[in-house]
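Only one structure is covered here, and it is reproduced in the block below.
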Amino acid sequence: MTQTLPTRDELLAQNGVLLIVDDILPPSGPVAKGGTPTVRPMELGLFIAIDQDSRVYAFNGHVDLGTGIRTSLTQIVAEELDLQMDQVTMILGDTERAPNQGATIASATLQISAIPLRNAAAEARRYLLQQAGQRWAVSVESLVIESGVIKAQDGRELTFGQLLVNQRVELRISGNAPLKRLEDYKLVGQGAARVDIPGKATGELTYVHDMRLPDMLHGRVVRPPYAGYDTGDFVGTSLLDVDESSIAHIPGIVRVVVIRDFVGIVAMREEQAAKAARELKVTWKPWQHGLPDMSDIEQAIRDNPSIQRVVLDQGNVEEALAQASERMPRTYLWPYQIHGSIGPSCGLADYSEDGIRVWSGTQNPHMLRADLAWLLEYPEERIDIIRMEAAGCYGRNCADDVCADAVLLSRAVGRPVRVQLTREQEHAWEPKGTAQLMEVDGGLNADGGIAGYDFSTRYPSNNSPTLALLLTGRVEPVATMFEMGDRTSIPPYDIEHMRVTIHDMAPIVRASWMRGVSALPNTFAHESYIDELAFAAGVDPIEYRLRYLHDERAAELVRATAARADWTPRTQPMQIPEEDGVLRGRGFAYARYIHSKFPGFGAAWAAWVADVAIDKHTGDVSVTRVVIGHDAGMMVNPAGVQHQIHGNVIQSTSRVLKERVTFEESTVASKEWGGYPILTFPEVPKVDVLMMPRQAEPPMGAGESASVPSAAAIANAVYDATGIRFRELPITAERILAALNSAGVESNSQPPQSPKARRSKWLFGSLFAALGAVLGMAATALPWRAEIAPITPPAAGTWSSATLERGRLLAAVGDCAVCHTAPNGASNAGGLAMQTPFGTLYSSNITPDPDTGIGNWSYPAFERAMRDGISRDGKHLYPAFPYTAFRNIEDADMQALYAYLMSQTPVKQVQPANDMRFPFNVRPLMAGWNALYLRKGEVQTQPQQSAQWNRGQYLVNGLGHCAACHSPRDLLGAEKGGTSFLAGGTVDGWEAPALNSLSKAPTPWTEDQLFNYLSSGYSDAHGVAAGPMGPVVTELAKLPKSDVRAIAVYLAALNGPASGSAGIRPETATASTSQPTVSPQSLSNGQRVFEGSCQGCHADGLGPKLFGVSPSLATNTNVHSALPDNLIKVIQQGIDKPATADLGYMPGFKDSLSNTQISDLAAYLRSRFAPNEPQWTGLPEKVAHLKANPGTH
Amino acid sequence: MKADTSEQQQRAAEKTVTLNVNGQATSVTAMPDTPLLLILRNDLHLNGPKYGCGLGECGACTVIIDGVAARSCVFPLAGAQGREITTLEGIGSRNRPHPVQQAFIDEQAAQCGYCMNGMIMTAKALLDRNPHPTETQVRNELSANLCRCGTHLEILSAVMRAARRQPSTDPVQ
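Chains as they are written, first to last, in the working numbering: chain C, 67 to 1259; chain D, 387 to 559.
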């Protein structure tokens, strides 16, 4: 564990130690445009320490982000000192230990910051050998080191530690200690197993997320609603109110901390903090004024103020272009993207007046320490950042933000606090990889040569100040401008007339560096453009590049890569024959990543040959294979380099084909993987890596540079396949299909279809017309009924155990507890709110409490309530209570039910008053309702039907009261009979599907399916029981199977003879005549959400086998219903209480997916899985309504 | 009065549940809707399963429940009672890795390694069910396990390597 290691100061003060140190000038970090670097004093950096126990510590200021630099740096140290890998303890990034070498960016660790470490190791080697030579009086040249043991030719041996007993030697890095010769290398250049992987594979490595301290508390933060903005006058000034009483019901809350727009919660347990953060009522000012329209990113970037900076102007571009024979102005747009660390950021802070310790996954430990000192007004040297491993990050995620959050909360409670951000917070607030706009004006001369190249780029991004500084008002939320858009802005080609202009600009939304910082987008433009020039000139694109590529090492790489890929020269696209509607193509691109402050320096060289396959009917595009050539100079760990190249190829392919942050109302709408899908296993291409043998050359930053040619290579391959240039990313199926259609390439896209609205729902408009009828009836019915005298509650032992057991089962059939139990409330004590079209009702207490329940109800009072809907006191009950069905209960059953209910434990609980709208708040009017609808008489036995059918009829229509939900109600809230009987209804916002032949299920219900569904809550041909039906199935599980079978027999018979066949209804072979009303953009968005959020469980056998039933949506009743309500409600709320235990759970998405995303998802599901049903209309409104009115199920 | 109600509500909100994790019975008191993931990590100090999304989308939290891969971030504590739960720690250790873990080590199938728990546990559940899957089957099985570093190729190699070593004996069972 890191914290048991000695600190730099401890080592410097120690005796029996060899210390290799150097004065270092800490880098200032990135500097705002026009700003001056913060000059920090020289520091003494410790690079190597060897103690008298032969322990070897090596220090580097950078951190391992999963790239394996811990292993590579260990190789370097072990090599120079002839140690085994496990004899070196490598310490990275800790501010109390490691030298400040700036941020870990640009894949520059091995290229730059490893150099002093290697020299330090050589310094130590020279000293140790000299000491041994002196002690033995032999020449240094005659000595060898093996595994940390110095050996003389006569066999004498000394360990490092033996030379250091009671010594304290401090040496500066001179830079002239001899380095080991390349040919003597044993470790460097060999594949080395990563030192961290065994611990990671077994759960034994402690990530920052796993760090815990004694006495530690858990924190969560509540972020402001301006998701993704860190500039503007609303930042830090928008909080109005925090209502702490809104979380009073949650146990374990320690403190709510509010500092301007910073809101945090500290709790004893993590789930308590998480729940409180979800439920805390926070009120914000309106703030959405003056934001750019983020639905048009290109325009938003053009409108963003900028300062022009010309970094290259050679020849005479304007004159040259004026004379071009073919002028080709082009615009390229890169979208906003996210780092998307798989683990949302986490930090742990322990604040005291004496010192602060922070365990962090930061990429920039020393910058974070400076930020925390500023935030807290606290001496920087007393803050210790302990860098722990974290989920991979490719620039700057929320790792620093969460540490600042943790420190603020720890300060407030005086104990260590661990803060874990949510997925939604990480997605919404991480500094984005910015959108970028590139423009090229250029063209060809008559001879096919490049006339000129006028390139400009706009990169709205900076360093993203740590969020707490802004939210607390410690730093003004003013957008600063950085000069970082210039990476690889100069193309690698020797073009006579060339100008490169950078439009420096502040961020629009919070943005910072992300892998391939500005170079990846710039290269997308350069390499797409030269490809286009080549085809316009009628020259093979590789040959054309080589004409202008005068860096011989680069040219060699390009040729080697082309050869490895069997590149066939081409001068026109679409040369590969189409197979089965699949268009194939291959594209090339080359780049050397030039990074850091302009003019910067080069990392590794990379070239791509990408193969793509495109389904011309759907537009679906995949990268099937990538051949990548890579020249990184000397490779310390070639296996590690290859692994990094793989990672960069896959991640950049994902960015090019799939990734785009979406915005709604100008704020970030991509708040989870459904809103931001990334490449998955089935989509991963084959990758063939060609590593140039250059072990004699200095090491170059590897990995990141491999991603730089990606976008252009893929776009060029898509051009090769289709003849269409894509200059905006991502290259999605939707964009390809649209382009193919407008280019006239044949495809099978469906013709536009028109809406066909069908909606059966309560109609409020006619309510007052009906009111007269009710009032008229009321005059002739008996509005008042007599009270039945209260009784003393019956004593225990009044009823036999057989009667009570019968009653218990009947209560299960009747689902009493389903409606008469509030969420987390006592069973049958009432209080469940039920939204009806006529207002909100609260279910009553049916425990035998005499004051608030039914304890003083006699059997006649109970029976009258059950059969006639009249309370003991004579009031009319609302027909939400299904007394119209309960009339049918046999007397013996009614008595058993009474016995059971009166024998429960009494619970004293008063219900909230009902909130019914006029005229339904006038209870006597219910008398009129009863006069209309309460049919006298019990269910009649049908002698021509089987006993099983008759039992089923009795259960369904009596105590089971299925029709209460599953029959439509008329304008007055009564169940309809006749053909409408069991033809579907609505309850608490849920559609109760038709149980008769009107069912919209794609597969008719069979008796067996009904039996399975009612027994388990799941039918593979229809889906799972959710909403109010979930508890119904839970209750039915208490019944004898024979009764469930009887219900199934009766219901199956309702469907008529056709119900016996289980086959899927024949779907019309031709395209449906129904007409969709949703745009291709909505469907495409819905598909993105489906793939990211849903497909893992709903993959129809093509995904993982996960716990639970993973229902198919192709047969799902809700997807085929005329109403989208159930589908939307399940998406929003999930299924947290499945009907039976083995069904599995579904999370709700109401907090992570926007209304638009859910609406688009529903439309997509409908069009994909119920293609013969008309598209739903009014989805956005319906989604918004159901979110605002979630109901109680 | 109000405070009393809150305290009652708070007390009523927690329940004691007995869990069977990696072959050991243990009881935990928490809100019944607490994700199993947090119980495993915070109460049982089993850090193998990781928090990734809380929505069952990424797979970092995968454990094996009654022999099937399960997303512990969306599996409530209340539903875990009486079930056999196995975590990454339960299948092997650094000194005695499970064959699937060993295959991941051999293939160096991690960059940051945060997704690795889910990859290994999902692969183990697959291989227990289907000892010799095709690469396409492995890709489909892992289709809802997200990796951001791009280690997919090494992970596929690791699972195929583990499959080649089947039949294997589980060191715990």
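Positions of the beta carbon are idealized from the N, C-alpha and C atoms, including for glycine.
None of the values given here were measured: they were computed from a predicted structure.
Which residue from the options puts its Cα closest to that of residue i?
i, options, result
"A862/C", "F328/C, A965/C, I660/C", "A965/C"
"D362/C", "E730/C, I449/C, A456/C", "E730/C"
"K510/D", "A496/D, Q488/D, C439/D, L405/D", "Q488/D"
"H886/C", "P1097/C, F1077/C, R933/C", "P1097/C"
"C444/D", "A534/C, S205/C, C1160/C, I211/C", "C1160/C"
"R793/C", "R260/C, Q365/C, S937/C, Y398/C", "Y398/C"
"A1049/C", "P1034/C, G1093/C, L1105/C, R289/C", "P1034/C"
"D437/C", "Q641/C, P573/C, V468/C", "V468/C"
Looking at the unbroken beta strand (DSSP E) that takes in residue i, where does it start and where does it end?
i, result
"E212/C", "210-212"
"K347/C", "347-350"
"L441/C", "First-last for L441/C: 431-442, but that is the alpha helix (DSSP H), not the beta strand (DSSP E)."
"W671/C", "667-681"
Using three-state DSSP, classify residue i as helix, strand or coil.
i, result
"F654/C", "strand"
"N433/D", "coil"
"M968/C", "helix"
"H1164/C", "coil"
"K696/C", "According to the sequence provided, residue 696/C is His. The question's Lys does not apply to it. The answer is strand: DSSP assigns H696/C an E or B state."
"Q403/C", "strand"
"G465/D", "helix"
"G1051/C", "strand"
"V973/C", "coil"
"F328/C", "strand"
"V231/C", "coil"
Between the C-alpha atoms of residue i and residue j, what's the straight-line distance to the nearest angstrom?
i, j, result
"A670/C", "P1213/C", "44 Å"
"T133/C", "N232/C", "39 Å"
"N463/C", "R106/C", "25 Å"
"S532/D", "T746/C", "For the record, residue 532/D in the displayed sequence is Leu; it is not Ser. Whole-angstrom Cα-Cα distance: 6 Å."
"P467/D", "R344/C", "According to the sequence shown, residue 467/D is Gln rather than Pro. Roughly 26 Å separates the two Cα atoms."
"L441/D", "C459/D", "7 Å"
"Q552/D", "T684/C", "40 Å"
"T415/D", "P410/C", "26 Å"
"P401/C", "S527/C", "13 Å"
"E505/C", "D597/C", "15 Å"
"R191/C", "S138/C", "19 Å"
"R247/C", "R619/C", "24 Å"
"E594/C", "A778/C", "Inspection of the sequence shows that residue 594/C is occupied by Ser rather than by Glu. Approximately 5 Å between the Cα atoms of the pair."
"G653/C", "Q80/C", "60 Å"
"P280/C", "D917/C", "49 Å"
"N382/C", "A496/D", "51 Å"
"M417/D", "P317/C", "9 Å"
Note the first and the last residue of the continuous alpha helix (DSSP H) segment covering residue i.
i, result
"P587/C", "585-603"
"I854/C", "Neither: I854/C is in no alpha helix (DSSP H) and is coded neither H nor E."
"C885/C", "882-885"
"M502/D", "502-515"
"D786/C", "776-788"
"P224/C", "Rather than Pro, the amino acid found at residue 224/C in this sequence is Leu. Note, L224/C: premise wrong, no alpha helix (DSSP H); beta strand (DSSP E) at 223-225."
Worksheet item: Quick check: the segment 507-525 of chain C against the segment 384-404 of chain C, are there 3 or more CB pairs under 8 Å?
Response: Result yes; three or more Cβ-Cβ pairs closer than 8 Å.
Worksheet item: Do the segment 764-776 of chain C and the segment 586-594 of chain C make contact, defined as three or more Cβ pairs closer than 8 Å?
Response: Verdict: yes, contact present.
Worksheet entry | Three-pair Cβ contact test at 8 Å for the segment 144-152 of chain C versus the segment 178-198 of chain C | Yes, they touch.
Discussion item. What are the residues in the segment 649-676 of chain C lying within 7 Å of chain B by C-beta distance?
Written reply: Any reference to chain B falls outside this structure, whose protein chains are C and D.
Item to complete: Would you check if the segment 534-550 of chain C and the segment 441-457 of chain C touch, i.e. whether three or more CB-CB distances between them fall below 8 Å?
Response: Judged by pairs of C-beta atoms under 8 Å, the segment 441-457 of chain C touches the segment 534-550 of chain C, as three or more such pairs exist.
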